[in-house]
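One structure below.
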Amino acid sequence: DTAVSQTPKYLVTQMGNDKSIKCEQNLGHDTMYWYKQDSKKFLKIMFSYNNKELIINETVPNRFSPKSPDKAHLNLHINSLELGDSAVYFCASSQDQGATYGYTFGSGTRLTVV
Amino acid sequence: QKEVEQNSGPLSVPEGAIASLNCTYSDRGSQSFFWYRQYSGKSPELIMFIYSNGDKEDGRFTAQLNKASQYVSLLIRDSQPSDSATYLCAVIVGGATNKLIFGTGTLLAVQP
């Protein structure tokens, strides 16, 4: 039974398109995150939600808009996709904002913009 | 200065040897430290976390923390080819809200 699941696993799209990535966790965690991993494997935090409330919004273009309908779901919508958006996007969750026991990651979504 | 620094490697060790992975961090206030393993094309997987100075052992893995030197390390004893992966050091950075900051990872290659 998958703890943090993301869909789709792969996404290939043209520049200028709009796309969404969905994430769901069944761990009962309060806090969820979006991370971007670039081609050099560097993982950078983008957003964090705690119980549906946005608590972290790093310097991310406003073409990226997260939405959390409830504490088990966190989606990422990207408008007007650019070549530089190509990366692997990971969803993660933690028990609470303190992240005392670290994060559990989803399997990732590989986004390729052509 | 990057918040979490690791040598990118690759670190090559023979099977059965001890692999030593190192990490330094810049935020003196950090209290929680994590090691993740990431196989190629897969998601990061938590191996260990450590909060107190000293050593913490879990099977073949030992995490070591020295807050005075702002240094965290991971030792893997009896390295196996299946340990070949990228090892990510991560540190909780506080402020208004805690967040996990990752290093760029060290690629470990265990040679059979």
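One line per chain: the protein sequences are C and Z, in this order. Under my numbering, the first residue of the first sequence carries the number 19, and numbering increases by one thereafter. Under my numbering, the first residue of the second sequence carries the number 51, and numbering increases by one thereafter. All C-beta atoms in this analysis are idealised placements derived from N, C-alpha and C, irrespective of residue type, glycine included. All values derive from a computational prediction rather than experimental measurement.
Range covered by the beta strand (DSSP E) that runs through residue i
i: PRO84 of chain C; result: 82-88
i: ALA21 of chain C; result: Run containing ALA21 of chain C: none; DSSP gives neither H nor E here.
i: ILE126 of chain Z; result: 121-126
i: TYR75 of chain Z; result: 69-75
i: PRO64 of chain Z; result: 61-64
i: VAL132 of chain C; result: It is not in any beta strand (DSSP E) - VAL132 of chain C carries neither H nor E in the DSSP assignment.
i: THR31 of chain C; result: 28-31
For residue i, the three-state DSSP class (helix, strand or coil)
i: SER132 of chain Z; result: helix
i: ASP46 of chain Z; result: The displayed coordinates of chain Z run from 51 to 162. Any statement about residue 46 of chain Z would go beyond what the structure contains.
i: ILE99 of chain C; result: According to the sequence provided, residue 99 of chain C is Leu. The question's Ile does not apply to it. Here LEU99 of chain C sits in coil by DSSP.
i: LEU158 of chain Z; result: strand
i: TYR89 of chain Z; result: coil
i: GLN113 of chain C; result: coil
i: THR127 of chain C; result: strand
i: THR118 of chain C; result: coil
i: ALA118 of chain Z; result: coil
i: LYS70 of chain C; result: coil
i: GLU95 of chain Z; result: strand
i: ASN57 of chain Z; result: coil
i: ASN103 of chain Z; result: coil
i: VAL106 of chain C; result: strand
i: VAL11 of chain C; result: Only positions 19 to 132 of chain C appear in the structure, and residue 11 of chain C is not among them; the question remains open.
i: ASN148 of chain Z; result: coil
i: ASN93 of chain C; result: strand
Sequence-distant residues of its chain with Cβ nearer than 8 Å to residue i (five each side left out)
i: PRO26 of chain C; result: ILE39 and THR127
i: GLU53 of chain Z; result: TYR75, SER76, ASP77, VAL141, VAL143 and ILE151
Neighbourhood of residue i by C-beta distance below 7 Å, restricted to the same chain and skipping five residues each side
i: GLY66 of chain Z; result: ASP128 and SER129
i: THR154 of chain Z; result: GLN56 and SER58
i: GLN81 of chain Z; result: TYR101 and ILE142
i: ARG110 of chain Z; result: ILE126, ARG127 and ASP128
i: LYS117 of chain Z; result: ASN103
Sequence-distant residues of its chain with Cβ nearer than 6 Å to residue i (five each side left out)
i: MET50 of chain C; result: TYR67, LEU92 and SER111
i: GLY121 of chain Z; result: Gly is not the amino acid found at residue 121 of chain Z; the sequence shown has Tyr there. The answer, listed in chain order, is THR74.
i: THR130 of chain C; result: VAL30 and SER104
i: PHE84 of chain Z; result: PHE99 and ALA140
i: VAL106 of chain C; result: GLN55, GLY126 and ARG128
i: ASP105 of chain Z; result: THR112 and GLN114
i: THR136 of chain Z; result: GLN88, GLY155 and LEU157
i: ALA21 of chain C; result: LEU45 and THR122
How do the segment 58-66 of chain Z and the segment 107-118 of chain C stand: do at least 3 beta-carbon pairs fall below 8 Å, yes or no?
-> no
Segments assigned beta strand (DSSP E), at least 3 residues, entirely inside the segment 37-66 of chain C | 37-43 and 49-55
Taking three-plus beta-carbon pairs below 8 Å as touching, is the segment 29-36 of chain C in contact with the segment 129-139 of chain Z?
-> no
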